[in-house]
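Just so we're aligned, residue 2 is where the sequence shown starts under our numbering, counting upward by one. Following: one structure in structure tokens, then a few remarks.
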Amino acid sequence: MAALEQYRDKKILTYCTGGIKCEKASAYLLEQGFENVYQLHGGIIKYGIEQGGEDFEGKCYVFDNRLVVDVNQVNPSIISRCHVCGTACDRMVNCANADCNDHVALCERCGWEMEGACGPACQAQPNKRVYDGTGYYQKNTNGYDPYRAFKSMGKTIEPH
Ligand SMILES: [Zn+2]
Ligand SMILES: [Zn+2]
Numbered sequence: 002m003a004a005l006e007q008y009r010d011k012k013i014l015t016y017c018t019g020g021i022k023c024e025k026a027s028a029y030l031l032e033q034g035f036e037n038v039y040q041l042h043g044g045i046i047k048y049g050i051e052q053g054g055e056d057f058e059g060k061c062y063v064f065d066n067r068l069v070v071d072v073n074q075v076n077p078s079i080i081s082r083c084h085v086c087g088t089a090c091d092r093m094v095n096c097a098n099a100d101c102n103d104h105v106a107l108c109e110r111c112g113w114e115m116e117g118a119c120g121p122a123c124q125a126q127p128n129k130r131v132y133d134g135t136g137y138y139q140k141n142t143n144g145y146d147p148y149r150a151f152k153s154m155g156k157t158i159e160p161h
């Protein structure tokens, strides 16, 4: 909470990305006495598609196999740097070493050079996962697919 104190008098906007519960964050802030708290109706992805996402800096980090999503189609910017070589880069990769599993920004070249690992230490791990260029590894869910029922009805689900 102390880290948030500096924002107490600011106008705050929370938004859904498909993974984070912005309702929870908003409720928490209100409970802590913050007064200017707003939520973006429909989530940030919808905002980007419908409004162009102008002035949104960087990309939107999400917790599923998309890893990052474009929001700004007007004046996009890259605000992160490759974890290994430091060049401007907005690719997110899930470290190939399952024991690390860190999500880091990794450029195309370093991705292949590190075999999808976040650095030399993880690259040296003998049991790391096979890098396919995406840096995403499906979690073991015993075959459970929460969307299967919808798919079989021929419907698709829009993440919000
Ligand atoms: Zn790099
Ligand atoms: Zn790692």
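C-beta: ideal position from N, C-alpha, C; glycine also.
Cβ distance (whole Å) where residue i is taken to contact residue j below 8 Å
| i | j | result |
| --- | --- | --- |
| P59 | I46 | Pro is not the amino acid found at residue 59; the sequence shown has Gly there. Wrong, their Cβ atoms sit about 14 Å apart, outside the cutoff. |
| K129 | E116 | 7 Å |
Alpha carbon of residue i to alpha carbon of residue j, nearest angstrom
| i | j | result |
| --- | --- | --- |
| N98 | Q33 | 39 Å |
| H161 | D56 | Any answer about H161 is weak, because its pLDDT of 46 lies below 50 and its placement is not dependable; what the coordinates show is given next. Each residue's Cα considered, the two are about 20 Å apart. |
| Q40 | P127 | 45 Å |
| K11 | L30 | 12 Å |
| A4 | Y16 | 20 Å |
| A169 | Y48 | Absent from the model: residue 169. The displayed extent of the chain is 2 to 161, so no value can be given. |
| E51 | A26 | 24 Å |
| C123 | S78 | 29 Å |
| Y137 | C23 | 24 Å |
Beta-carbon proximity check, residue i vs residue j, cutoff 8 Å
| i | j | result |
| --- | --- | --- |
| C83 | V70 | no |
| K135 | V63 | Inspection of the sequence shows that residue 135 is occupied by Thr rather than by Lys. Not closer than 8 Å, so no. |
| V75 | L107 | no |
| N73 | G87 | no |
Segments of 3+ residues assigned as beta strand (DSSP E) that fall wholly inside the segment 26-50: 38-40
Contiguous beta strand (DSSP E) assignments of at least 3 residues, all confined to the segment 48-118: 93-95, 104-106
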